[in-house]
Ligand SMILES: Nc1ncnc2c1ncn2[C@@H]1O[C@H](COP(=O)(O)OP(=O)(O)O)[C@@H](O)[C@H]1O
Ligand SMILES: [Mg+2]
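Residue numbers (this note's numbering): 40 to 377.
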């Protein structure tokens with residue numbers, strides 16, 4: 040992994056969705072789906088975003104691709120400021136940034152054969168000379184573990200796992216640099232999940248791909264990530280390399296997610312943190328630290344002041360979390376007070 044080159048730079052990204060209401064249909068409030076998020080994706084790495092449903096993962100991915108126009112912030116891809124591009128320029132740019140969804144079936148025409156689906160993407164981005172596109176289709180199918188004989192079948196003739204392979208082939212057909220995989224394996228059975236994850240890893244090596252891998256499941260993310268971002272209610276609460284984050288999580292929310300992963304390692308003593316209550320509404324997020332309403336360690340400071348992302352280890356400055364009490368946890372290996 041080349042840590043030097045920054046492929047994607049997201050700075051202070053905000054996505055506020057207006058809520059219309061009242062007799063005049065005015066904007067009465069906003070869903071603060073993504074609220075001041077900054078991170079960098081390095082070329083060749085897999086950076087994952089995890090967090091419970093509704094914390095803003097998909098919105099982050101969609102804002103990067105401008106599938107929704109972000110409210111503010113900047114998105115720089117390979118030196119280009121994406122938010123300054125006009126519609127045509129952005130469409131051309133999408134060749135470099137592809138997205139794979141949880142359900143590829145939802146985003147493809149069910150009456151088109153696999154061949155049509157794959158050629159369409161090539162036509163839109165005008166990649167590969169016309170006469171080569173048919174050969175490319177076959178090559179792509181083989182690359183993702185399907186066969187030439189499947190090129191003229193319809194999407195419904197495939198299983199979920201195979202359909203996700205078609206989704207991956209379609210993303211690859213335009214030769215992208217970055218793939219945003221949004222819950223790409225979440226709908227699949229565990230054994231099929233592993234196969235698709237292995238395929239993604241293989242393709243990454245083969246085509247020097249960079250992944251932004253979005254999942255609600257920290258267990259899935261564990262296999263594929265180099266680095267991990269943990270989001271809670273529209274904000275990043277922790278970011279770090281996988282090993283450091285798994286072995287030495289700093290944020291109580293990360294700890295709670297980790298303690299929810301079924302562990303086969305029975306001897307390993309795990310700090311169990313069971314969260315109370317539900318995720319609060321992103322329309323009116325809690326003051327101070329957004330996590331304080333569910334945090335077993337919250338103090339008055341947490342209820343009033345929002346913590347910034349910071350490191351507690353000068354030898355690992357890239358591992359950061361946003362919690363006022365990280366040092367205290369490290370010193371005392373705290374148990375919940377409740
Ligand atoms: N187009 C939209 N309009 C209004 N609210 C939205 C829209 N898209 C997402 N949201 C809200 O933004 C929040 C974050 O959603 P999302 O990014 O889909 O979460 P995740 O992918 O982490 O499950 C949720 O509260 C969701 O309901
Ligand atoms: Mg989502």
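Beta carbons are placed, not taken as given, at the ideal position from N, Cα and C, and that holds for glycine.
- With a cutoff of 7 Å, residue 74 does not count as near ligand 2, since its C-beta is closer than that to no heavy atom of the ligand.
- CA-to-CA, the gap between residue 168 and residue 158 works out to about 11 Å.
- Of the candidates 92, 98 and 46, 98 places its Cα closest to the Cα of residue 55.
- Relative to ligand 2, the beta carbon of residue 142 is positioned no closer than 7 Å to any heavy atom.
- Assigned with DSSP and collapsed to three states, residue 205 falls in helix.
- Going by DSSP, residue 60 is part of no alpha helix (DSSP H) but of the beta strand (DSSP E) stretching over 45-60.
- Annotation: the stretch 173-235 contains the following complete segments of the alpha helix (DSSP H) (minimum length 4 residues), in chain order: 199-211.
- About 4 Å separates the beta carbon of residue 231 from that of residue 200, a gap short enough to meet the 8 Å contact definition.
- When rounded, the separation of the alpha-carbon atoms in residue 347 and residue 237 is 36 Å.
- Secondary structure within the stretch 271-316: the beta strand (DSSP E) runs of 3 or more consecutive residues, fully enclosed, are 274-280 (chain order).
- Contact annotation: the stretch 262-273 touches the stretch 75-92, with at least three C-beta pairs closer than 8 Å.
- Counted as a single uninterrupted DSSP element, the stretch harbouring residue 320 is not any alpha helix (DSSP H), since DSSP gives it neither H nor E.
- Counting along the chain, the unbroken beta strand (DSSP E) around residue 86 starts and ends at 85-89.
- Set against 7 Å, the gap from the CB of residue 256 to the closest heavy atom of ligand 2 is not smaller.
- Relative to the non-hydrogen atoms of ligand 1, the Cβ of residue 335 never comes closer than 7 Å to any of them.
- Ranked by how close their Cα comes to the Cα of residue 208, the residues 222, 195, 190 and 225 have 190 in first place.
- For residue 221, the distance from the CB to the nearest heavy atom of ligand 2 is below 7 Å.
- Here residue 187 is exposed. Its C-beta has fewer than 16 other C-beta atoms within 10 Å.
- Here residue 46 is buried. Its C-beta has 16 or more other C-beta atoms within 10 Å.
- Residue 174 has its alpha-carbon roughly 22 Å from the corresponding atom of residue 196.
- Annotated as proximal: residue 89 and residue 255, with beta-carbon spacing under 8 Å.
- When DSSP states are grouped into helix, strand and coil, residue 72 belongs to the strand group.
- Taking non-hydrogen atoms of ligand 1 into account, the C-beta of residue 53 is found less than 7 Å away from none of them.
- With fewer than 16 other Cβ atoms inside 10 Å of its own Cβ, residue 62 counts as exposed.
- Setting aside the 5 residues that flank it on each side, residue 50 is surrounded in the same chain by 77, 112 and 113, each with a C-beta closer than 7 Å to its C-beta; the list follows chain order.
- In the DSSP assignment, residue 155 falls within the unbroken alpha helix (DSSP H) covering 153-164.
- By the neighbour-count definition (other C-beta atoms within 10 Å, threshold 16), residue 221 is a buried residue.
- Distance check between residue 162 and each of 134, 218 and 142 places 134 closest, using alpha-carbon atoms only.
- Proximity to ligand 1 was defined by a C-beta distance below 5 Å to any of its heavy atoms, and the residues meeting it, in sequence along the chain, are 56, 70, 72, 92, 93, 94, 95, 96, 97, 98 and 321.
- Boundaries of the beta strand (DSSP E) harbouring residue 138: 136-139, taken from the DSSP string.
- Annotation: residue 71 to residue 245 spans about 38 Å, alpha carbon to alpha carbon.
- Of the candidates 311, 277, 151 and 315, the residue whose Cα lies closest to the Cα of residue 365 is 277.
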